[in-house]
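Numbering (the numbering used here), first residue to last: 393 to 517.
Before any comments, here is the structure.
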């Protein structure tokens with residue numbers, strides 16, 4: 393009886409590993425070659441407005457010459473590898489409504505700043 397359990401375990405382990413490998417490849421193959429995620433955050437404080445922008449390469453290939461346009465100013469990130477993020481701080485006097493992000497690979501995204509919900513008892517509320 394214990395030999396059957398051992399053989400069954402030996403047969404199930406490769407099956408589970410192959411299943412995990414297939415699922416992982418399917419999810420990776422559904423990714424675009426070039427894709428970018430943008431998180432533009434604007435927090436209203438009592439004396440100032442705190443803003444930050446984080447860009448993340450969610451594609452399978454590197455992105456180059458990523459231009460982040462804040463309205464009246466812009467800055468360029470020369471290269472962003474897949475899975476990597478890059479934090480940016482909009483300069484003082486920037487338009488805090490939306491940003492436009494473009495790259496050499498055809499990325500063209502307009503993103504509005506999001507404002508976190510203020511809850512009683514939370515810092516900054």
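Using N, Cα and C, we set each Cβ at its ideal position, and we do this for glycine too.
Buried versus exposed call for residue i [16 or more other C-beta atoms within 10 Å across all chains shown]
i, result
"residue 439", "exposed"
"residue 500", "exposed"
"residue 447", "buried"
"residue 413", "exposed"
"residue 493", "buried"
"residue 432", "buried"
Beta-carbon separation (whole angstroms), residue i vs residue j, contact threshold 8 Å
i, j, result
"residue 444", "residue 486", "Incorrect: roughly 12 Å between the Cβ atoms, too far for contact."
"residue 459", "residue 465", "Wrong, their Cβ atoms sit about 11 Å apart, outside the cutoff."
Cα-Cα separation between residue i and residue j, rounded to whole angstroms
i, j, result
"residue 399", "residue 408", "15 Å"
"residue 488", "residue 415", "41 Å"
"residue 428", "residue 451", "7 Å"
"residue 426", "residue 498", "8 Å"
Length at least 4, wholly inside the stretch 407 to 492: the alpha helix (DSSP H) runs in chain order: Whole alpha helix (DSSP H) segments, 4+ residues: zero.
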